[in-house]
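Enquirer: Submitted below is the structure of interest, expressed as structure tokens.
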């Protein structure tokens, strides 16, 4: 009988410990679920903000592309207006091509009085 009473007390104490353990597990699960929900909300908010920012940047890029196109058109129209008559009125002159002219070896004789040794650059 005494053994049965001891056995009953130990069983009752394990039941109360088991209830406390279940309560701790339940609290842990609620905290974990709350942390997951908070993480989900933060990630979802970050995604939405990134989408909004991307759309804004796409709009700005489109506007800049249009502006560049207009500048290219202006450049081409100004470029087509330039001709030789306009350049002469602005003071520019036609460039005449000048080439380097070396004396040939038949001119470099002792009779001509010029005797130089020309070294080749190569």
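In my numbering, the protein residues as written are 16 to 137. Even glycine gets a Cβ: it sits at the ideal position worked out from N, Cα and C. Given the structure is predicted, the values throughout are model-derived calculations rather than measurements.
Classify residue 80 as helix, strand or coil using the three-state DSSP reduction.
Expert: Looking at residue 80 - three-state DSSP - the assignment turns out to be helix.
Enquirer: The alpha helix (DSSP H) that contains residue 112, what's its start and end?
Expert: Neither: residue 112 is in no alpha helix (DSSP H) and is coded neither H nor E.
Enquirer: Using only the alpha-carbon positions, how far apart do residue 68 and residue 62 sit?
Expert: Going from the Cα of residue 68 to the Cα of residue 62 covers about 10 angstroms.
Enquirer: Identify whether residue 97 lies in helix, strand or coil by the three-state DSSP scheme.
Expert: Three-state DSSP puts residue 97 in coil, outside helix and strand.
Enquirer: Might you give, ordered along the chain, the residues of its own chain that have their beta carbon closer than 6 angstroms to the beta carbon of residue 112, omitting 5 neighbours on each side?
Expert: So no residue of the chain qualifies.
Enquirer: For residue 72, does the three-state DSSP call read helix, strand or coil?
Expert: Looking at residue 72 - three-state DSSP - the assignment turns out to be helix.
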